[in-house]
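Residue numbers (this note's numbering): 252 to 731.
For each residue, glycine too, the CB sits at the ideal point set by N, CA and C.
Computed from a prediction, not measured in an experiment: that's the story for all the values here.
Structure, as structure tokens:
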Ligand code: UDX
Ligand code: UDX
């Protein structure tokens, strides 16, 4: 197989994707030197922290891998220029948020960081460099990267050292919370590109632990579009089952029973049919909005409207949950204490990007509720940013002398001790294991009556909770 022998990789972006992906490649390819670089100095400091519990990203299994490889063949630094110079393969793994203003605002991805990276690569690289786009990007982004790099190729003076580039698309399918396992045992690895030698170089890296039949190669545009479509299909399943949860609640059906029944059809399959508080995470909404933008751009308004409805349903669903909580608590949350269990967008991650908890908590705060928010991995400072601290100034309610940080009309609890005292309601928003194992009998004794438990993740047993004299609502349960 013709290929370039890769000895030195640089990854720009030490985030949720770059960090775990490079750690796994380093672990599986001890002969390759891997440098992960980032503009953010604090983030790099955290990656280099001697205490492996302080890595900037919480991912089960990540700490052990970093422990094995760090400062052997895996290095984290802010030395962007130097490490680009040394690399023969460069992964671009920077964030691509939805554009806030200008053309495509609210839908299109902001490519300013990707473009900046391409310019840095163009300026600092030496010899032949394979550039791999890892960030989730709108279709035809490789073209942007390529045209920047081509300009450099063309503009080089005759006597300067030649610089040449190949661009590959290698989208990430890792799911947070199970990222390490997803990287170690992927369903497939997708590599899009034009130059077979460049493609083969990346194939060779993955072949160190992934069987060849799972490595799919396509053209660049198919690879980019496959990534967006994959996330759009997954998100569409979540919106589909969430829409059915609302119907179950009013018709006396149970969404878990419906999901089991439809999921047994092998054509449908059983995964991604858990109704919850609405999908979150950094990718789903952004990728669908990208599809919407692309479809509109290419004159396909019906296609755009179809995908946009998946996002609209998700927002409606989150608002539906906060509305129904308010209704059950007699239409007013003023002077009521609500304990929020979980703020991350799913269990086993400290990531809160697009978490349903953000919108739901904001709505409850708008209704003048007093919230006590707990999450085993999310930090107070992050919640403060997400809730924009002073959403409301109402801070006059008795806080039960909890030893917890203060911020607006909500409090952060870093443990579960005493937080249920005099609470009117408890809302489970993230499916953390510790919430399944809570002693609900003890909780029921210290809450204010009538007490409500809202389980948006369907992790509790309805009968167990009801036996304790608690009022209970579970997502999609029209029977209980
Ligand atoms: C990833 C993907 O790359 C993104 O496209 C996808 O949509 C979401 O997941 P992620 O790793 O989760 O992004 O993003 P983040 O955790 O924000 O990390 C990106 C890092 O890139 C940040 O640490 C940021 O400081 C860094 N960065 C950004 C640079 O080093 N240079 C830049 O020019 C821009
Ligand atoms: C997703 C994709 O799964 C991954 O392949 C891609 O590369 C990045 O985006 P991630 O966002 O980390 O991964 O998490 P995922 O497990 O897909 O969950 C997304 C959201 O959907 C979460 O809020 C989750 O709670 C929700 N969800 C998922 C449900 O509500 N029900 C389900 O059945 C599954």
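Query	Result
Cα separation between residue 440 and residue 431?	14 Å
Can you tell me whether DSSP reads residue 404 as helix, strand or coil?	helix
Please check the pair residue 371 and residue 399, which I expect to be a contact at CB under 8 Å, by giving their CB distance rounded to whole angstroms.	At roughly 10 Å, the Cβ-Cβ gap does not stay under 8 Å, so residue 371 and residue 399 are not in contact.
Round the Cβ separation of residue 603 and residue 629 to the nearest angstrom and send it over; I've been treating them as touching at under 8 Å.	6 Å
Give every residue whose Cβ lies closer than 6 Å to any heavy atom of ligand 2, listed in chain order.	423, 424, 425, 426, 427, 482, 485, 489, 523, 524, 525, 527, 530, 531, 532, 534, 535, 596, 597
By DSSP, does residue 214 sit in helix, in strand, or in coil?	Nothing in the structure corresponds to residue 214, since the chain is present only between 252 and 731.
Is residue 228 near ligand 1 - that is, is its Cβ less than 7 Å away from at least one heavy atom of it?	Not covered by the structure: residue 228. The range shown for the chain is 252 to 731.
How is the alpha helix (DSSP H) around residue 489 delimited, first residue to last?	471-502
Out of 731, 276, 417, 506, state which residue places its alpha-carbon closest to the alpha-carbon of residue 383.	417
For residue 501 and residue 731, I'd like the C-alpha separation in whole angstroms.	12 Å
For residue 722, does the three-state DSSP call read helix, strand or coil?	strand
Could you tell me the distance, in whole angstroms, from the CA atom of residue 536 to the CA atom of residue 579?	30 Å
Just list the residues that DSSP pairs residue 321 with in beta bridges.	325
For ligand 1, is there any heavy atom lying closer than 7 Å to the beta carbon of residue 291?	yes
Considering only residues of the region 562-637, which uninterrupted alpha helix (DSSP H) runs meet the minimum length of 4 residues and lie entirely inside it, listed in chain order?	607-617, 631-637
Is the beta carbon of residue 680 sitting closer than 8 Å to the one on residue 594?	yes
Just checking my contact of residue 474 with residue 533 at CB under 8 Å: how many whole Å lie between their CB atoms?	With a Cβ gap of about 19 Å, residue 474 and residue 533 do not count as contacting.
Judging by CA-CA distance, which residue of 584, 324, 547, 332 is the nearest neighbour of residue 283?	324
Measure from the alpha carbon of residue 722 to the alpha carbon of each residue in 709, 704, 728, 296, then state which is nearest.	704
Throw me the rounded Cβ distance for the residue 506 and residue 726 pair, which I believe falls under 8 Å.	7 Å
DSSP three-state call for residue 261: helix, strand or coil?	strand
Residues in the same chain with beta-carbon distance under 6 Å from residue 608, minus the five sequence neighbours each way, listed in chain order, please.	594, 680
Identify whether residue 714 lies in helix, strand or coil by the three-state DSSP scheme.	helix
Tell me whether residue 368 counts as near ligand 1, meaning its Cβ is closer than 7 Å to at least one heavy atom of that ligand.	yes
Under three-state DSSP, which class holds residue 279?	helix
DSSP puts residue 340 in a beta bridge; with which residues?	260, 381
May I ask you to report which of helix, strand or coil DSSP gives residue 414?	strand
Given a cut-off of 8 Å on the beta-carbon distance, is the pair residue 620 and residue 589 in contact?	yes
Go ahead and label residue 413 buried or exposed: buried means 16 or more other beta carbons lie within 10 angstroms of its beta carbon, across all protein chains shown.	exposed
Does the region 454-469 come close enough to the region 359-371 that 3 or more CB-CB pairs lie under 8 Å?	no
Should residue 265 be listed as close to ligand 1, given that the test is whether its C-beta is under 7 Å from any heavy atom?	yes
Is the region 479-492 in contact with the region 513-530, if contact means three or more CB pairs nearer than 8 Å?	yes
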